Amino acid sequence: MKLFFRLSEIAWLFFKLGTIGFGGPPANIALMEQETVHKRKWVNQDYFLDMLAATNLVPGPNAAEMATHLGYVYAGFPGLFTAGFTYILPSFLISLALSVIYVEYGNLPEIEAIFYGINPIIISIILISSYRLGKGVITDKRKIIIGIGSLVAAFLGIDEILLILLAGLAGVLAYQYPYSLICLSPFSPIQLQFFNILLTSQIKLDKLFLFFLRTGALLFGSGLALFAFIQSDIVTKYGWLTQHELLDAITVGQITPGPVSSAATFIGYLIAGLPGAIAASIGIFLPSFLIVLIVGKWLPQLRKSIIIQRFLKGVTIGVIALIFIVALRISQTAIVDILTFSISLVSLFLLFRFEIETIWLILVGGIIGLIKLILIN
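The letter at position 144 of the sequence shown is residue 143 when you use numbering that gives the first Met the number 0, and the numbering goes up by one with no holes.
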């Protein structure tokens, strides 16, 4: 009976957090801290911070991993699955509803006008996120070198998996053997092209589930990294979506509560309907469940490893480079005239100077798009 009440409490709490959790991972994790540390006292402050730091050492959406781990601490394995499922469920349902509306009514002038006004703001959100992530990670000359190399590699279209692995390796070697960056770095085009051909010849992803499972298993850093990982494959390699549809998916990820990675639901639905939405959602979040399930108790020990920390720093730098380059590529779809350029520029300034909540900027962008439509007609 005690377990039943605990699971009920977990289900209600994380369903609520998944419903009201706008603002990306920082806002979601802050809500979890308020509820589980200060209000319910499931864990103490130090334990929460240790787990937050530890989740940054492993791939997967951080907020979802924190939810599953907190559920595990409070009610064991049943709590793990209950917390993860109920936290993800609201964003899945909302993203699914929006994807149905998008498919059925996306060509309506009103819907197009809303996305017209919002999409330039999304570009600014991605750019400012890249800047803030980079500011916290790129703190010395060696990391700057890795960052520049990662940018060049991302611009050349190097496979995303290879790029982050080499960036992570460079993060380790930069401090163990500094001169090794000359012969092994993320900005050696010939070397990267060789490994890229080797990698793509071995990896054949022909199913949506496996594609998002791979992505979820390699998703480090911001939830926006999802789009950096999938852009080249979904748009160019497989042709599942257009650049414009991917940008709209990013927008949906920003306007829905819960983890940004729930945009996988939207993408999956556009590609293969309801089965695709379910497959993509399970694929993107399954690694989080498995990581907490298998190595959750050892995560604090992993945090103590200097080599793992340096590898992660390198990986994060590579991810930031990918996010930045993807933002530049999709900006060509979002910024199409003087008005959209102005919207993006103003929103970038507001985000940088005042750290305004993104949801309000998105709302204003949608209104501007509708006003433009009314004035034209």
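Beta carbons are placed, not taken as given, at the ideal position from N, Cα and C, and that holds for glycine.
Remember, predicted model here, so these are calculated numbers, not experimental data.
In the displayed model, M0 falls within coil according to three-state DSSP, outside both helix and strand. Rounded to the nearest whole angstrom, the CA to CA distance from E109 to L369 is 7 Å. Measuring C-alpha to C-alpha distances from D158 to each of K236, L12, W41 and Q308 identifies K236 as the nearest. With a beta-carbon spacing of about 7 Å, I366 and G116 fall inside the 8 Å limit used to define contacts.
In this structure, DSSP gives V335 a state outside helix and strand, which the three-state scheme calls coil. Note that the C-beta distance between S343 and I334 is below 8 Å. For I28 and A62, the gap between their C-alpha atoms comes out near 6 Å.
For S149, the uninterrupted alpha helix (DSSP H) segment begins and ends at K140 to F154. Proximity of the segment 135 to 151 to the segment 120 to 127 falls short of the contact definition, fewer than three beta-carbon pairs being nearer than 8 Å. Sequence-distant Cβ neighbours of G17 in its own chain, meaning closer than 7 Å and more than five residues away, are T85, Y86, I87, L88, P89, S90, P256 and G257. The segment 67 to 80 and the segment 233 to 252 do not touch, with fewer than three beta-carbon pairs separated by less than 8 Å.
In the three-state reduction of the DSSP assignment, G267 falls in the helix class, which pools H, G and I. Around the beta-carbon of S304, fewer than 16 other beta-carbon atoms lie within 10 Å, marking it exposed. Under the three-state reduction of DSSP, K312 is assigned to helix. Around the beta carbon of L48, fewer than 16 other beta carbons lie within 10 angstroms, which makes this residue exposed. The beta carbons of G313 and G167 sit about 4 Å from each other, so the pair counts as a contact at 8 Å. Around the Cβ of Q230, a 10 Å sphere holds 16 or more other Cβ atoms; the residue is buried. Between the segment 92 to 101 and the segment 265 to 272, the count of Cβ pairs shorter than 8 Å is three or higher; the stretches touch. The alpha helix (DSSP H) runs of length 4 or more contained entirely in the segment 38 to 95 are, from start to end of the chain, 44 to 54. Restricting attention to H68, F351 and V318, the CA atom closest to the CA of E32 is found in H68. In the assembly as shown, R309 is a buried residue. Its beta-carbon has 16 or more other beta-carbons within 10 Å. For the set P25, F3 and L2, the Cα lying nearest the Cα of L223 is the one of P25. Here the C-alpha atom of L107 lies approximately 11 Å from the C-alpha atom of F114.
Excluding residues up to 5 positions away in sequence, E34 lie with their Cβ nearer than 7 Å to the Cβ of L12 in the same chain. Counting only the Cα atoms, N376 lies some 45 Å from L212. 8 Å or more divides the Cβ of L225 from the Cβ of S98.
Nearest Cα to G275 within the set A248, A326 and F208: F208.
Contact check for G317 against I163 passes: the beta carbons are separated by less than 8 Å.
In the structure shown, the three-state DSSP call for P119 is helix. If you draw a 10 Å sphere on the C-beta of I373, you find fewer than 16 other C-beta atoms in it, and that means exposed. For P274, the three-state secondary structure derived from DSSP is helix.
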